[in-house]
Structures are given as C-alpha cells and as structure tokens.
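> Sharing a structure with you now.
Number of protein chains: 2
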Amino acid sequence: MAEKLKIISLGGLNEIGKNLTVYEFGGDILIVDCGMGFPDDDMYGIDVVIPDVSYLVKNRSRIRAIALTHGHEDHIGALPYVLKEINAPIYATRLTAGLVKIKLDEHSLTDKTKIITMEAGETFRAGRFMVEFIHVNHSIADAVALAIHTPIGTVVHTGDFKIDPTPISGEITDLARFGNLGKEGVLALLCDSTNVEKPGYTTSESKVGESFDNLFRGCDQRIIVTTFASNVHRIQQVINTAARYGRKVGITGRSMENVMKVATELGYMVIPPNTLMEMSRLKGMPKDKVVIITTGSQGETMSALYRMAFSGHKQVEIGAGDRVIISASAIPGNEKTVSRVIDELFRKGAEVIYDRLSDLHVSGHACKEELKIIHALTKPKYFMPVHGEQRHLKIHAALAQQMGMPRENIVIADVGQVVELSAKSAKINGTVPCGNVLVDGYGVGDVGSVVLRDRKHLAQDGMIVVVINLSSEDGSLISGPDIITRGFIYVKESEKLMEELRGVVLSVLNGCRDSGVSDWATIKGNVKNELSSYLYKTTKRNPMILPVIMSI
Amino acid sequence: MAEKLKIISLGGLNEIGKNLTVYEFGGDILIVDCGMGFPDDDMYGIDVVIPDVSYLVKNRSRIRAIALTHGHEDHIGALPYVLKEINAPIYATRLTAGLVKIKLDEHSLTDKTKIITMEAGETFRAGRFMVEFIHVNHSIADAVALAIHTPIGTVVHTGDFKIDPTPISGEITDLARFGNLGKEGVLALLCDSTNVEKPGYTTSESKVGESFDNLFRGCDQRIIVTTFASNVHRIQQVINTAARYGRKVGITGRSMENVMKVATELGYMVIPPNTLMEMSRLKGMPKDKVVIITTGSQGETMSALYRMAFSGHKQVEIGAGDRVIISASAIPGNEKTVSRVIDELFRKGAEVIYDRLSDLHVSGHACKEELKIIHALTKPKYFMPVHGEQRHLKIHAALAQQMGMPRENIVIADVGQVVELSAKSAKINGTVPCGNVLVDGYGVGDVGSVVLRDRKHLAQDGMIVVVINLSSEDGSLISGPDIITRGFIYVKESEKLMEELRGVVLSVLNGCRDSGVSDWATIKGNVKNELSSYLYKTTKRNPMILPVIMSI
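Protein sequences, first through last, are from chains E and F. Final position of the first sequence in UniProt numbering is 552; the numbers increase by one with none missing. Final position of the second sequence in UniProt numbering is 552; the numbers increase by one with none missing.
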C-alpha cells in the first residue's frame, strides 16, 4: 500500500493565530510556520499563547525543516519557545529571516539555529519534500505561499495572502505560478480563510497612500501616524508622503524601530536622503515640517502613542495643532482600548483621523472573490480551509462547494487531528496531543486550567482568608478566627458583616467539637460551606474562601 | 439679575450609557432619564454601573418630576436603585411606563412610585418647567424627545433618535414640531451623538423586513431569530414574516417574554391570530413551519440562544436543518462573545446568517445628515452634544460649527459639571458630586477602587498566603511558615519554588530577630517585600502576598 501524506495543524484551526502545520511523509517531518496567539479575555494574566508541540518533541529526530511563510507574530512568534525543545534549519525569505533573527537574539538562540534565506521562486529539499516558495501580497513584505511537492502529489499552502494588482513594491501575487501548478495538478489546497466572510476584493495598499496624500496636502499641523510596525509598505508610504511635502520623519516605539532597522538594512524600505530625524531633534522643528511614526495602533498601554495620549512620552506631548492618523483597524477584542486612546487624544485637543472616518487601512487577507481565483487556478483535488474560526472554515468550505468541489473532498479538521492524504482519498485518521501552552512571565506551561479558574474566581468576588489556631491537645480554639479579605468588600464599612462571619465560623467550630469532628479537612470544609452559603444569602457574592488552621 | 437654567449631566457624557440629566430652574429640579451603564473590562465582578446621585439625594425636596425619553436600559435601568433614595412622579409614554413597571415590581417599588403615562404631543408641568413630549423614531417603540420650556427659553433634549421615513408603526420623527420650535426660538439643543461618526443616513427599520422576507421565502429549515428584546418593531417584523409564510412562532428568553407581554397588552405589537405557540408544542411541528424568537443577540452566557448553541436549552437543540438569523450587531466589547456563539452554532451544523453576511440590523441612532436636519430645524442658540464618548462630542461640536454655530456657543461638558444658561450666555460654572456607583450582587456602592484594584491584582497573578506562628514570649517561630497559593502556579509542579519561598521567609524572620525587630507590621512588610522581589526575579510575576502572623 502506497505511503500517505499526513497533515496535522497544531494551531490555526478554530482559532485566529498560533499557526503551525506539520507535514509528514515517509518518516520525514516538515513544519510550516510557528506562530503565537493572543490570550482570550478569560486567560487572566497570560502574556501569550503558543501551540503544544509535544508531538514534535517526541518526533524530534524526524524533523527536516521549518518553512516560514512571512514574519507576522502569528506565524513566527512561537519560534523562541519551540526552538528550545526542537532544532531544525529554518527556511525563510530575507525580511522574515531578519525579523526571526531579532527574536532569536533576544532569547540567545542565534548560534544554535541555522537560518537559510530563500527567494520567492526558489525550492529547497527537506527529506522527501520539495518546498517551493511562491510570491504573494500581504500586509508585510516578502510573504510567500508554499508549493509542497511530495511523491504522491503537490500541496499548495497559501499562508496569509491577498491579490494586490498595485502593491507598493514588487509584483502582484504570482498567479501565473498558481495557475501552472493547477495545470500540473494539485493534490490539495490549504487556504487562508481569514476574510472569507467579506464579499468582493480587498482594497489595494496603494489606496491608503492616496488617503495619506489627502491628509498631508496643505496640512499645517504636526502629523503623527500609527500603524502596525510590521507593515513595511504602509510605513514606506508615510515616509514617501512626508518627503513629498518636505516633512522630517521621526520614529518612536521599540518594535517600530526594530522593524525599520531590519527593513532598511535589507533594502525593503527606501528612505529618501535626510528625511529621517532623531526624535530628540524634532522638537525644534516647525509643526508643519514634522511627521512622527509611532507604535500603538491597537491602544497597547505600553505603546508610544498611548504614552503620548496620556502624557507619559518623553519627547512628544499631544495637543491642539496635532493631527493623529490611526492607519489600522482594531483587532477583535481591542476595540475598547483603541477607543480609549482616541478619546484621550481628542480630549488633549488633537485632531484624530481613524478608520471609521476615512479610508486609512486595508486588510492583508483575500476576500471571497480573491479566494475563488486561487481555487479556480489551482484546481485542487482536495481542499482544507485553514486560518480561521469554525465559521470561517465552514463558509470557506461552502465557497469551494459552490465552485463545484464535491463535499467529500473537503476536510474541515480541528487542531491535533491527523489528515491523511493519498492520491485517491482524504480523511481524518487519529489525533496527536495539541492545545494551548500559556506563557506567563518566565513560566511556559506552568499556568493551567486550575490556576486560571482560581484567577477568574478571585477576579469575580475576591477572597476571604480565615485563620484559626487550635490546641494540639484538645483541639480547642486558642486564637482566631481572624478574617482577612481582599477584593471582596470595603472592610471598614463592613465591620458588622465581618463580625457576623466570625460568628458563623465559631458556630461551625462548636458544632464540630460537639459532634466530635476533629480532622482538619472536615473542619475546613464545613467552615468553607457555611461561610459561602451565608455570604451568598446576604451579599449574593461568592468569594474564594481559604480556611487556615494552625495548631501548637 | 435674571435666574439661570442649570443643566447637569450625572451620566452620558464621555461615556456610552448611564444617561441622567438634571435640569434646574428656580428652586425646581427636573430629571430626564435614569439609566444604567455596563462595567468596563477592568471592573471585575461588577454587574451594572449606575450614576452617583448624591446630589439629587441632597436636593430631594426640590425634585418635581422624572421624565423618561424611552425604555432602554441605558435610560431607565438605574430607576430601581435611585428610587430607593429619592421619590418623584415619573412621566413616560405607555410602553416606557410598562417596561418601568416590570422593574419596579421586581424591586417591590410599585406602590411607592407614581407613574403618569403621556402621549407624544402632550405637555406636563413640573414646577416652573413645562415639559413637552415629541414623537421620534428609535430602535424601541414609543420614544420621545423633550421640549423643556422654561421662563428664559426652550431647551430641546432629543434623547436617542433617528429619522425613519418608513417606520414599522406610527409616524416619522415629528420634524414639523422640531421646525416649529425652531421658529418659536430654541435656547439650547442637547442632541444624541452616538452615530455622529457615521456619514449619511441610518437605514430604515423596514429594510430589515426585506431581509427577513428573503430569508424566509422558500426556506425549508427551522428558523431561529435573535434580536434585542426591546426592539418591538423588529420582533413585529419577524412575526409578520412568519405569518406570511405560514410559520408558528415560539418565544424563548425571559426578557423577550416580558417585553412581548407588555408590548402586546399595550397594543404596540399586533399578533396575527394563532401565530404564537407554546415552545413545548413546537417540537412536534415540521421544521419549515416553525420560527423561534430568542434572546442572546449579544452572546450573553445565560441567554436562550447561548444555551441552544451549547446544548443547555430544554426545548431547543440546534443542528443541521436550522437557520439561525442574528438580527443585531455586537455592542462594542461583545464582539468576541457573539463570535463564540456563532462559531458554536456553525459547529452544530446550523446555517448562521449574521450582520457581516447580510443586511440584518439597522441602528436606532441618527447619522451625520440626520443630525444636521435637527440642528437646521431647531436653530438653537446654544448647543451641547450629549450621549457620547469624547470623540463623539468633539465631532458633533465640529458638525455644529460647520453649520455656522459660533464655537463659543457650544458647550462640551463632562459629567458633574454645571452648565449655566441665560438668554445671553452659556458657561460651565462649578461641579457637583458624580461618578460611577458599582453594583455587585446585592451590594450597591460597597465595591470601590481599592477592591477593584485588588481584584485586578489577584486576576493577574493570583495570591500567596504566608502563615507564621510566633511565640508571644520571645517572638520565636513556633510553626510555619506555611505557604498557600491560589491562581499563582501549579503547586505540585513547583515544590522546589515553594521550598525556596519558605527559605526566603525564614531568612527574613531570622534577620528581624537578629536586628531586634519584633513589631508585626514591620515583619509582615519585610516578608512581603523579600518574597515579591524574589518572585519577580525568578518568575517575572507579581502575585498578591498576604503574610498572616499569629501568636500564642
């Protein structure tokens, strides 16, 4: 029986972000992307989420390569963590490689990691895989799709992409290559589903440039622009427009400075002579001669724009005479933080121009019609929608069906499921360990469901600690009960309630003595139950209750 | 010197919701609306937010009336709490009154509260105020704007409104009356700013009916529709469409049932004969003969739709053969919860139709062009933008200026500020107490910034309780340190860390003994500091640390 190709997503299915796909054929493993995700609202205190890669660790020896489609965090962000557990050569385009190097340096992983830079159009071998890089447009430069050639056929893995006929630099997505692959025959297509809900086509990046021009022309204010640090082309457009109107450009915000540095060094950004200026030197300049490019488009509390708005920025103070341009849209979940910054900027007297008011941002992901083009060109035998929540995957599957693909040739999988492909069949066959590994401070994976449940409980109603000192001879009460609360109620204004709670505890203790109960576990349990039901009755709240018994 | 009119917003400025405006002239106080707000993301455990009305309590005796513009929670939700502290007759249209009665019954305030129902067009006297009700369109029936006539002039208070030429029942917003008031002369306009960011006109409610018709026609699935329970006209349209296609309608979700009951009793909803059916009886019906109207358009975890999606609903189980129509858009902050429900419905195999895919919801608030119409008709001397965050107020002010109003005649106020109006001047003069009163369970106002700060701290990194037993004679350690953690880390996997922490505490205790420190406050302080710096160094986390010292 012929060997089968296995495709396993350890992230990126039924979620946005955390993209990591494993390809397996005849003993060889190819990893595509290694991204991080952002914590849900109820993951209190968690910094980032990375995929559970225990399956890869277990099969360490069979990993031949890691191929990266582009340099966004949701495709490379987990590398520093994963590379501590596995090791394999990384293949990426130059900009992607440059961004990865920054990460590896921060985690001092540079020496032990081999990075091979590739150009779109080139191919590398990884065991029995031949992996071809195909140029695509996206909201970061140097993005590629992959054609993964295997002995049983070719899989097209789009990564994140859009089709932009007028990109800022370079070419439109290499539709010719997608078309030729289709003619040669494509076994399966794994395609980005992020924008499948949106009809029509994604607007070209150039369109944003026109908005910038309108906002710079004849403007006598200082201009402050924020966008995603990784959007090299967007930043290039701001700089070009600034140069056109004789403005000097200052850069603020760590990630913005990092990306600028890499992008310029590698030639992905072209800075017109004496356009850039040190932030410190901008102060002296007339307002209509200045543009500041800053981080903070998502309202992040540590970002430069946030600090400007709330007067925490060393060099920049916002006020009347400032025009702030927010060239981004809020990522779902960030709407409120973004609004908070916008409102504060207005309060400071600045003019704020944001997406609801003008055409200042375009998506980097293909909409319905663009997706149809890729399906039509590649003519895959099997289709697996990726990069999306359940609704995206289902809607993308429906799109494929409308284009004539039989339902049974479409695989909607979940993370951890093993999709088994042969020339004649595609089916889900078994699962591997998968899930979210939570990063909190230096801790990777040491915070799990129990800890999170406790954090949520504490967040809701706070906690009450009850300390009791019992005699080791006869178990009689020596001192206490002392009651300490945090996050529950103003104690000063609740002395009466505290007194009642002490009463409840005392009666529990007496009850235990009378009924001869002496083991601490039972006593603690009773204290907990009595207190919590009393509290719910009187306050309708349910704080965490922590009975502490000591004895001498 | 002539008497002045004072306008004080205790809510609704620099925030969405919690609307309460105080009008003061001579000795008389008129209250307009009494709404609640929703807690911010960082108000852990808080159920609702209501305005601080201590100013009203202090001036209880001068309150002549409470006028309500419509029955939405952000305009009537705080009544049950506020009416426990003040008492005044409530003037409202019939539907608004009906919804208020439900609340008052729940809080057994019905007997002690006088409610006078009014028709649009009628006027009532409250001290030296003559208050006129003016019909407006909104996303709830029976909404009104107010013309508040005072000896020094008339103030137009729009409340929430839109201009809908084809409403589902009744008339278009009474532009004639607004125009006549303008001709008679309007001293000041207080106008809804919610949609001032949006250009053009808000779509008519009728448009949604067309979408319903398209989705019902020829559909052989069971249809489940969710929308805001208070949107009587929307629900009416669902029922009409159901009747047109011979479907029986079941209602589920407490608030939906409540509103339906009131609206039908008062004749705001007309149910075609034998269209409604008990949920229990719907089970037997063929799918293409059934429509279920349910709560849950915001993905609320207790709502009927949520329970259907996650298989927790008694009568309804979602699956293939169900078409779920979400006729609402996510209120900012609810995006993720709504998506979660949509994804789960897809997972269950249902077809889900939501705003991103179709024209299923229209706003109840006026967009830019509609606002201009009101400004142009009323021709106010002074203008005060209300119902909005800072950005909305500023953009609305700019709109008024573009229409020719002098900047100095526009007052952008904040909650608690006293806006003083005479025939010749409008200025901010002083402030009164104001702010958020947080409701948590039965507690009203007993949770404040300290408690919230602690909850946030606990949510981020959990807590560590350190219990020490010291001898009362020589302060020597009798037992402990015992270390208990919650929401911090998996203890089982962190025995080593726990051991280290005990070591840190012991060395602190020894240090105190050696240096003769014996007062508990100092000892506790040192334990706290040493532990937290040790923890930050080793884990980069900052749990709450609670040292407990006992002594015998």
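Built from N, CA and C at the ideal position, the CB exists for glycine as well. These figures come from a predicted structure and were not determined experimentally.
1. What ranges does the beta strand (DSSP E) occupy inside the region 163-228 of chain E, keeping only unbroken runs of at least 3 residues that lie completely in it?
2. For G319 of chain F, I'd like the list of residues in its chain whose CB is within less than 6 Å of its CB, leaving aside the five on either flank, ordered along the chain.
3. With distance defined between alpha-carbon atoms, name the residue in F:L509, F:A426, F:V48, F:Y268 nearest to T96 of chain F.
4. Could you tell me which of F:V290, F:G284, F:A92 sits nearest to T275 of chain F, measuring between CA atoms?
5. Just the Cα atoms here: how many angstroms apart are L497 of chain F and R541 of chain F?
6. Within the continuous beta strand (DSSP E) that includes G23 of chain F, where are the two ends?
7. Would you call E24 of chain F buried or exposed, if buried means 16 or more other Cβ atoms sit within 10 Å of its Cβ?
8. Taking Cβ-Cβ distances below 8 Å as the criterion, which residues of the region 463-495 of chain F are in contact with chain E?
9. Which stretch, first to last residue, makes up the beta strand (DSSP E) that contains V466 of chain F?
10. Once the 5 residues before and after S303 of chain F are set aside, which same chain residues still bring their CB inside 7 Å of it?
11. Give the residues of chain F in contact with E335 of chain E, contact being defined as C-beta atoms less than 8 Å apart.
12. Distance check for V439 of chain E and L104 of chain F, CA to CA, integer angstroms please.
13. Using the beta-carbon of each residue, which ones in chain E are nearer than 8 Å to Q417 of chain F?
14. Can you find a CB in chain E that lies within less than 8 Å of the CB of F346 of chain F?
15. Looking at chain F, is there any beta carbon in it that lies within less than 8 Å of the beta carbon of S108 of chain E?
16. For the pair the region 155-172 of chain E and the region 365-382 of chain E, tell me if three or more CB-CB distances fall below 8 Å.
17. Less than 8 Å between the CB atoms is what I'm expecting for N231 of chain E and I140 of chain E, so what's the real figure, rounded?
18. Buried or exposed: which applies to K394 of chain E, given that a residue is buried once 16 or more other Cβ atoms fall within 10 Å of its Cβ?
19. Determine the burial state of H361 of chain F: buried for a count of at least 16 other Cβ atoms within 10 Å of its Cβ, exposed for fewer.
20. Given that a residue counts as buried once 16 or more other Cβ atoms are within 10 Å of its Cβ, and exposed if not, what is D74 of chain E?
21. Does any CB atom of chain E fall closer than 8 Å to the CB of V352 of chain F?
22. So, helix, strand or coil for F129 of chain F, using DSSP?
23. Go to T241 of chain E, then tell me how far its alpha helix (DSSP H) extends in each direction, as first and last residue.
24. Using the beta-carbon count (16 or more within 10 Å), is E132 of chain E buried or exposed?
25. Report the option in F:L189, F:G185, F:T202 whose CA atom is closest to the CA atom of P167 of chain F.
26. Under 8 Å between beta-carbons, which chain E residues line up against Q460 of chain F? List them in chain order, please.
27. So, are the CB atoms of I353 of chain F and V324 of chain F less than 8 Å apart?
28. Taking 8 Å as the cut-off, does the region 197-211 of chain F touch the region 25-42 of chain F (at least 3 CB pairs, one atom from each stretch)?
29. Let me know if T93 of chain E comes out buried or exposed under the rule of 16 or more other beta-carbons within 10 Å of its beta-carbon.
30. Does the beta carbon of E389 of chain E come closer than 8 Å to any beta carbon on chain F?
31. Let's test the definition: count the other Cβ atoms within 10 Å of the Cβ of D42 of chain E and tell me whether it reaches 16, buried, or not, exposed.
32. Among the residues of its own chain, which have a CB less than 6 Å from the CB of T21 of chain E, if the five just before and after it don't count?
33. Counting only Cβ-Cβ distances shorter than 8 Å, please list the residues of the region 527-542 of chain F near chain E, keeping chain order.
34. Based on DSSP bridge pairs, tell me the residues matched to R323 of chain E.
35. Are M405 of chain E and A376 of chain E touching if we call contact CB-CB under 8 Å?
36. By a C-beta neighbour count over all protein chains shown, 10 Å radius and 16 as the cutoff for buried, is R391 of chain F buried or exposed?
So, from the listed chains and residues:
1. 188-192, 222-226
2. As a position in the second sequence, residue 319 of chain F is number 319, starting the count at 1. So the list reads K348, G349, once near-sequence residues are dropped.
3. Along the second sequence, one-based indexing puts residue 96 of chain F at 96. Nearest C-alpha to T96 of chain F: F:Y268.
4. One-based indexing of the second sequence puts residue 275 of chain F at position 275. With distances taken between Cα atoms, T275 of chain F lies closest to F:V290.
5. Translated into the one-based positions of the second sequence, residue 497 of chain F becomes position 497. Translated into the one-based positions of the second sequence, residue 541 of chain F becomes position 541. Approximately 13 Å between the Cα atoms of the pair.
6. Stepping through the second sequence from its first residue, residue 23 of chain F is reached at position 23. Here residue 23 of chain F is Tyr; the residue named in the question, Gly, does not match the sequence. Residues 20-25.
7. Along the second sequence, one-based indexing puts residue 24 of chain F at 24. Its Cβ being crowded by 16 or more others within 10 Å, E24 of chain F is buried.
8. M463, V465, V467, N469, I478, S479, G480, D482, I484, R486, G487, F488, I489, Y490, E493, S494
9. What you label residue 466 of chain F is simply residue 466 of the second sequence in a count that begins at 1. 463-470 is the span of the beta strand (DSSP E), which, as asked, contains V466 of chain F.
10. Reading the second sequence from its first residue, position 303 is the one you call residue 303 of chain F. Counting only Cβ-Cβ distances below 7 Å, and skipping sequence neighbours, we find G253, T295, G296.
11. The residue given as residue 335 of chain E occupies position 335 in the first sequence. Within chain F, the residues near E335 of chain E are P332, G333, E335.
12. Taking the first residue of the second sequence as position 1, residue 104 of chain F is located at position 104. Taking the first residue of the first sequence as position 1, residue 439 of chain E is located at position 439. Roughly 48 Å separates the two Cα atoms.
13. The sequence position of residue 417 of chain F within the second sequence is 417, counting from 1. Within chain E, no residue comes near Q417 of chain F; the closest Cβ sits about 14 Å away, beyond 8 Å.
14. Taking the second sequence and counting its residues from 1, the one referred to as residue 346 of chain F is at position 346. Chain E, which has a Cβ nearer than 8 Å to the Cβ of F346 of chain F, makes this yes.
15. Here residue 108 of chain E is taken as the residue at index 108 of the first sequence, counted from 1. No, no contact with chain F.
16. yes
17. Taking the first residue of the first sequence as 1, we reach residue 231 of chain E at position 231. Taking the first residue of the first sequence as 1, we reach residue 140 of chain E at position 140. Going by Cβ atoms, the distance from N231 of chain E to I140 of chain E rounds to 6 Å, so yes, they are a contact pair.
18. As a first step, residue 394 of chain E must be located in the first sequence, where it is residue number 394. Buried, since its Cβ has 16 or more Cβ neighbours within 10 Å.
19. Here the question's residue 361 of chain F lines up with position 361 in the second sequence. The residue is buried, with at least 16 neighbouring Cβ atoms inside 10 Å.
20. Locating residue 74 of chain E in the first sequence gives position 74, counting from the first residue. Buried, by the Cβ-count rule.
21. For the purposes of this step, residue 352 of chain F is taken as the residue at position 352 of the second sequence. Taking Cβ atoms only, chain E reaches closer than 8 Å to V352 of chain F, which makes this a yes.
22. The residue you call residue 129 of chain F lines up with position 129 of the second sequence. The answer is strand: DSSP assigns F129 of chain F an E or B state.
23. Position 241 of the first sequence, counted from the start, is the residue given in the question as residue 241 of chain E. From DSSP, the alpha helix (DSSP H) with T241 of chain E extends over 232-244.
24. The sequence position of residue 132 of chain E within the first sequence is 132, counting from 1. Buried, by the Cβ-count rule.
25. As a working note, residue 167 of chain F is residue 167 in the second sequence. Of the candidates F:L189, F:G185, F:T202, the one whose C-alpha sits nearest the C-alpha of P167 of chain F is F:T202.
26. Along the second sequence, read from residue 1 onward, the residue named residue 460 of chain F stands at position 460. Within chain E, the residues near Q460 of chain F are Y44, G45, R455.
27. Within the second sequence, residue 353 of chain F is the residue found at index 353, counting from 1. Within the second sequence, residue 324 of chain F is the residue found at index 324, counting from 1. Yes, the Cβ-Cβ distance between I353 of chain F and V324 of chain F is below 8 Å.
28. no
29. Here residue 93 of chain E refers to the residue found at position 93 when the first sequence is read from its first residue. Its Cβ being crowded by 16 or more others within 10 Å, T93 of chain E is buried.
30. Numbered from its first residue, the first sequence carries residue 389 of chain E at position 389. Yes, its Cβ sits closer than 8 Å to a Cβ of chain F.
31. By 1-based counting over the first sequence, the position of residue 42 of chain E is 42. Exposed, since its Cβ has fewer than 16 Cβ neighbours within 10 Å.
32. Position 21 of the first sequence, counted from the first residue, corresponds to residue 21 of chain E. Correct list, in chain order: S9, V32.
33. T538, T539, K540, R541
34. Position 323 of the first sequence, counted from the start, is the residue given in the question as residue 323 of chain E. Bridge partners of R323 of chain E: E:I223, E:E351.
35. Position 405 of the first sequence holds residue 405 of chain E. Position 376 of the first sequence holds residue 376 of chain E. No, the pair does not count as a contact, with Cβ atoms beyond the cut-off.
36. On the second sequence, position 391 is the one that residue 391 of chain F refers to. It is buried - the Cβ of R391 of chain F has at least 16 other Cβ atoms within 10 Å.
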